[in-house]
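Taking it in order: structure first as structure tokens, then the write-up.
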Amino acid sequence: MTGYGTACEALRFTKNHYSIGGTMLNTIIVIFAALLLAGLLYFEKTEDRKKMLPTKTVLSVLFIVAAWVQPHPVQTYSFFVVIGLICCLGGDVFLALPREKMFLFGLISFLIGHIFYVIAFISVANLNRLTWVGFILTLVVGMGIYRWLKPHLGSMKGPVICYIVVISIMLCGAWSILGMSRLAVSGRVVVFAGAVCFYVSDILVARDRFLKTEFFNRLVGLPLYYAGQFLIAFSIGVLA
Numbered sequence: 383m384t385g386y387g388t389a390c391e392a393l394r395f396t397k398n399h400y401s402i403g404g405t406m407l408n409t410i411i412v413i414f415a416a417l418l419l420a421g422l423l424y425f426e427k428t429e430d431r432k433k434m435l436p437t438k439t440v441l442s443v444l445f446i447v448a449a450w451v452q453p454h455p456v457q458t459y460s461f462f463v464v465i466g467l468i469c470c471l472g473g474d475v476f477l478a479l480p481r482e483k484m485f486l487f488g489l490i491s492f493l494i495g496h497i498f499y500v501i502a503f504i505s506v507a508n509l510n511r512l513t514w515v516g517f518i519l520t521l522v523v524g525m526g527i528y529r530w531l532k533p534h535l536g537s538m539k540g541p542v543i544c545y546i547v548v549i550s551i552m553l554c555g556a557w558s559i560l561g562m563s564r565l566a567v568s569g570r571v572v573v574f575a576g577a578v579c580f581y582v583s584d585i586l587v588a589r590d591r592f593l594k595t596e597f598f599n600r601l602v603g604l605p606l607y608y609a610g611q612f613l614i615a616f617s618i619g620v621l622a
């Protein structure tokens with residue numbers, strides 16, 4: 383009994399020590415990300431593309447690092463989230479490049495990233511009441527966004543429709559996770575908040591690309607986007 387008690391105490395000490403160390407590491411990551419984001423917004427404002435691309439790339443690599451250093455209690459979920467984050471990193475690089483066709487490549491990269499998020503969400507969530515609530519709300523919002531963008535899409539109509547469908551499914555998956563009582567409340571909220579931030583940031587990307595190009599879209603959209611990505615990355619460690 384004494385040996386068992388000693389082992390339990392050692393286990394609790396290790397867990398608490400890791401928790402403190404993990405919190406400190408996450409704090410450092412968030413501070414570094416905030417500094418990079420401030421720099422990125424400045425370069426966006428001044429249209430300094432030479433500095434914009436490396437800053438955005440490092441910032442996006444950082445949300446992959448954030449996911450990687452979390453504890454991975456749900457291996458399948460962690461794997462697919464990390465793959466999704468890597469695809470989004472590719473999308474960020476493409477969108478930072480000046481060529482017109484890079485937007486389509488970026489759209490495809492984010493589309494694939496969202497598909498991996500959907501797989502990750504489905505791996506831990508079942509259909510529940512909030513799934514249907516989310517489906518109805520997301521359907522209404524998605525149809526409204528398409529009607530808003532439709533007159534301005536031109537040859538991009540097909541890819542944009544596919545993207546709206548996939549990101550809407552991703553958000554419905556987040557609603558499903560929110561309704562899973564067997565999962566940790568903090569984890570469910572983090573996933574849902576991350577998905578919503580990502581969804582809204584994509585609306586601003588679409589506004590910038592198809593309706594009105596202005597710094598406001600990036601001033602609001604980029605913080606939302608990175609908040610969403612980091613929340614999804616951090617959810618790996620707190621979902622179970």
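Under the numbering used here, residues 383 to 622 are what the sequence shown spells out, in order. Every residue, glycine too, gets a C-beta built ideally from N, C-alpha and C.
Buried or exposed by the 16-neighbour rule on C-beta atoms within 10 Å, applied to Thr595: Reading the sequence shown from its first residue, position 213 is the one you call residue 595. Classification of Thr595: exposed, given that the 10 Å Cβ count is below 16.
Endpoints, alpha helix (DSSP H) assigned at Phe616: Working through the sequence shown from its first residue, we reach residue 616 at position 234. 597-620 is the span of the alpha helix (DSSP H), which, as asked, contains Phe616.
CB-CB length for Gly610 against Ala588, believed under 8 Å: Taking the first residue of the sequence shown as 1, we reach residue 610 at position 228. Taking the first residue of the sequence shown as 1, we reach residue 588 at position 206. Going by Cβ atoms, the distance from Gly610 to Ala588 rounds to 15 Å, so no, they are not a contact pair.
Assigned exposure category for Gln452 - 16 Cβ within 10 Å defines buried: Taking the sequence shown and counting its residues from 1, the one referred to as residue 452 is at position 70. With 16 or more Cβ atoms within 10 Å of its Cβ, Gln452 is classed as buried.
Where Met406 falls: helix, strand or coil (DSSP): As a position in the sequence shown, residue 406 is number 24, starting the count at 1. If DSSP states are grouped into helix, strand and coil, Met406 belongs with the helices.
Whole-angstrom C-beta distance between Tyr607 and Ser583, which should lie under 8 Å: Locating residue 583 in the sequence shown gives position 201, where the first residue counts as 1. Locating residue 607 in the sequence shown gives position 225, where the first residue counts as 1. In this structure, Ser583 and Tyr607 form a Cβ contact; the two beta carbons are roughly 4 Å apart against a cut-off of 8 Å.
C-alpha distance - Val567 paired with Ala575, whole-angstrom precision: Start at 1 with the first residue of the sequence shown, and residue 567 comes out as number 185. Start at 1 with the first residue of the sequence shown, and residue 575 comes out as number 193. Taking the straight line from one Cα to the other gives about 12 Å.
Simplified DSSP assignment, three categories, for Glu426: One-based indexing of the sequence shown puts residue 426 at position 44. Correct three-state label for Glu426: helix.
Residues of its chain near Val602, where Cβ-Cβ distance is below 7 Å and the 5 sequence neighbours each way are ignored: Here residue 602 corresponds to residue number 220 of the sequence shown, with the count starting at 1. Here the set comprises Leu586.
Reduced DSSP secondary structure (H/G/I, E/B, other) of Gln457: In the sequence shown, residue 457 corresponds to position 75, counting from 1. Residue state, collapsed to three classes: helix.
Any chain B beta carbon closer than 8 Å to Val456: Annotation note: the requested chain B is absent from the structure, which comprises a single protein chain.
Residue burial classification, Thr520 (beta-carbon count within 10 angstroms, cutoff 16): Walking along the sequence shown from the start, residue 520 turns up at place 138. Per the 10 Å Cβ criterion, buried.
Helix, strand or coil at Pro436 [DSSP, three-state]: One-based indexing of the sequence shown puts residue 436 at position 54. Looking at Pro436 - three-state DSSP - the assignment turns out to be helix.
Cβ-Cβ distance between Ile446 and Phe503 below 8 Å: Looking up residue 446 in the sequence shown gives position 64. Looking up residue 503 in the sequence shown gives position 121. The answer is no: Cβ separation not under 8 Å.
contact_flag[the stretch 453-468, the stretch 423-432] where n(CB pairs < 8 Å) is 3 or more: no
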